[in-house]
Each structure stands twice: as structure tokens, then as C-alpha cells.
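In the numbering used here, the protein residues as written are 24 to 362. No residue lacks a Cβ here, since even glycine has one placed at the ideal position from N, Cα and C. Heads up, the thing below is written out as C-alpha cells.
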């Protein structure tokens, strides 16, 4: 178990130490659950009432909250960011693979950097290039001519099709599929003709892709996921999408083909974006929002209908179908009133 002193954490975070700087910290926890040896944090005012009862060895606090706590503390500008940095330092997550398992199938033409680890029953195809310290979990399949940058980590049972390039320090969670065919077909008199998807996928540095997420390859040009993008579980990214740097996409979101999303966007869970649209930088989308037009100005977008009593919902659904009729009646009444 890793252990650091409060003084050492203070140096890491450039924080003011309140109380005993020699106290040892070996884990992080919530205010309600933290105990001796653990560091907690207060970043949301609704949890302030838990501060007085907290049993943590130390707490991350803003300067405005420090006077309310007499115990050991680190005073920082953003306790949640501080918590994230300490959690990284004390992380106990095991590696995705250690060494090269004898059951792994590795083509003779594959190029492996220093310190590469490949788990049991993984398959590495011809022309693959794995950078230094790459970890390939058990059961992964890495297709022909794939490039994976140094320090990237693929958990068990990830499938990476041919001609996918991935940058440094990426994390790909179990069950993700990268580079599968986009949904490209032409219709000839009722018969669907498949269009070969000959583009690839290009993923930048420090990208994280959640479990069960699918990213389709491009039809002709590449699907692109830029640096620092984070994608949650069960997300669908269709062919030729471009996701700008440091954008976050929450779970169960579906993005149709040929969509361009700008930098620093946040897409809430269970949202949907129609095809061939553009979303500018800095757009925030609430959960369950349907985007059917391009977005040209940054801001917050929402479209979900809140939950309500079923009988009320049924009545409102009927009224919704009557909206056009009601609108025409109002127009008629307005015209008659003017006359």
C-alpha cells in the first residue's frame, strides 16, 4: 500500500497545510466513509454538514471552508481537482497485463516496444506497432497495421480492427470495438448494397474510451477522436465523425455519421446527434437531448421531457397531437378579432 505524508501532498498540490503535516495518507474516501489514514474532500456545499463528523486523517478544503474544520487539512483552490491528483498518486489499479503470456498469438512482423505486456489469448496481427509500455489485456484482438502509442492500456477483450492509429497514454476499457464498419449502404430497388468502409480511425493522445463503446471506421476518410477526449460506456460513434480535443461524451449517447463536434464540449448521457451536423466549441448538452440542427454558438442545450404522472403524460400527449389544430384556430381568431 502506498503512503505519503500530508506535507508531501501539500507540495504536490501547492497547498497550504493545516494541522499535522506528518500524518500518513494511504487512500482517498468520501466525507461520510473516510477513516484513519484516508484523505477526503469537500467540493459541494450540500455535503458541508458531514464535515464535522468526518473521521478522515485529513480533508481537502477551500480557504472559505477552512475555518469550519479544526482537523488536518490541505487548503486548495479546487478540492475536487486536488482529490483527483491524490487519487492518481495512490491508485492501486492492477495492470491490464504483465509480461507476454505464452498463449498470446503475435505475428512475426509485429513490432513491440520496450516493456510491452500482452495478456492471455490476445492476438496481434501483421504490421502492428506497439509503443513502449503498452498493455494489451487478455483476449484482445489487434488487427492488421494498427499503431498504438506508448503507455496506452487496453483492458480485456477489446477489438481493434485494421488501420487504427492510437496515440500515447490512452485507456480503452473492456468490450470496446474500434474500427468496425460504418453503416454505409446504397439501395438498389429495395436491395441494400454494402459500401466498403475503407477509411480508418485516428485517435489522439490521452483518450479514454469506455466499456462497450463502438467507434466506426470512416467510409473513405478517417473517423477522428482528438487529444484528451473522454468517452463513457456504451457510446456509439459513427463513421467519419470528428470529436474535438478534450470533449466529454457520457454513456449511451449515439452520434450519427459525419458529425463534427468541437473542442471542450460536454454531451450528457443518452443524448443523440443527427448525422451531417456541426457543433461548435464549448457546447454543453443536457442528458437525453436530441440534436437535430447544427449548433453555431456555445452554451447549454436541453430537450428532454421530465418524468410526470402517467395519466398527465397521456393527456399531454393527446394535446401535443392537437397543437397544429389549436395553432390554426388561434390564427383564425386573431384574424377575426382584427377585422
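Under DSSP, residue 166 shares a beta bridge with no residue. Check the Cα spacing between residue 290 and each of 305, 62 and 167: the tightest is with 305.
In this structure, residue 136 sits near residue 153, with a CB-CB distance shorter than 9 Å. Within the same chain, and ignoring the five residues on either side of residue 122 in sequence, the residues whose Cβ sits closer than 7 Å to its Cβ are 140. The C-alpha of residue 242 is placed about 15 Å away from the C-alpha of residue 283. In the structure shown, residue 83 adopts extended strand secondary structure according to DSSP, grouped into three states. The criterion of a C-beta distance shorter than 9 Å is satisfied by residue 199 and residue 234. Under the three-state reduction of DSSP output, residue 319 falls in the coil class, being neither helix nor strand. With a 10 Å radius around the Cβ and a threshold of 16 neighbouring Cβ atoms, residue 178 comes out buried. Taking all protein chains in view, the Cβ of residue 240 is crowded by 16 or more other Cβ atoms within 10 Å, so the residue is classified as buried. Classified as buried, residue 81 has 16 or more neighbouring CB atoms from the shown chains inside 10 Å of its CB. The Cβ atoms of residue 192 and residue 202 lie no closer than 9 Å to each other.
Counting only runs that start and end inside the stretch 180 to 248, the beta strand (DSSP E) elements of at least 3 residues fall at 187 to 189, 200 to 203, 208 to 211, 214 to 217, 224 to 226, 237 to 239 and 246 to 248. In the three-state DSSP reduction, residue 75 falls in the coil class, being neither helix nor strand. The beta carbon of residue 190 is closer than 8 Å to those of 172, 175, 226, 227, 228, 229, 230 and 250 in its chain, skipping five residues each way along the sequence. Restricted to the stretch 87 to 167, the alpha helix (DSSP H) segments that are unbroken, complete and at least 4 residues in length are 102 to 112, listed in chain order. In this chain, the alpha helix (DSSP H) harbouring residue 346 covers 346 to 361. In this structure, DSSP gives residue 31 a helical state, which the three-state scheme calls helix.
Here the stretch 70 to 80 makes contact with the stretch 90 to 109; the two share three or more CB pairs at distances below 8 Å. The C-beta distance from residue 275 to residue 257 rounds to 5 Å, short enough to meet the 8 Å contact threshold.
Per the coordinates, the alpha-carbon of residue 85 lies some 7 Å from the alpha-carbon of residue 102. With respect to residue 246, residue 238 sits close: the two C-beta atoms are nearer than 9 Å. Excluding residues up to 5 positions away in sequence, 289 and 323 lie with their Cβ nearer than 6 Å to the Cβ of residue 307 in the same chain. Residue 166 and residue 124 have their alpha carbons spaced roughly 18 Å apart. From the listed residues 53, 344 and 32, the smallest Cα separation to residue 44 is found for 32. Residue 264 counts as buried, since no fewer than 16 other beta carbons sit within 10 angstroms of its beta carbon. Selection 169, 134 and 149 evaluated against residue 155 yields 134 as nearest (Cα-Cα). In this structure residue 311 touches residue 293 by the C-beta definition: roughly 5 Å separates them, less than 8 Å. The residues 226, 230 and 266, in chain order, have a CB closer than 6 Å to that of residue 248 in the same chain once the five nearest residues on each side in sequence are set aside.
By the beta-carbon neighbour count (other beta carbons within 10 angstroms, threshold 16), residue 184 is buried. The alpha carbon of residue 180 has as its nearest neighbour, out of 148, 170, 197 and 132, the alpha carbon of 197. By the C-beta density criterion, residue 90 is exposed, having fewer than 16 other C-beta atoms within 10 angstroms. DSSP places residue 283 in the strand class (E or B) of the three-state scheme. In the three-state scheme derived from DSSP, where H, G and I count as helix and E and B as strand, residue 67 is classed as coil. Contact check for residue 83 against residue 62 passes: the beta carbons are separated by less than 9 Å. Scanning its chain for C-beta atoms nearer than 6 Å, with the 5 sequence neighbours on each side dropped, one finds around residue 194 the residues 176 and 231, in chain order.
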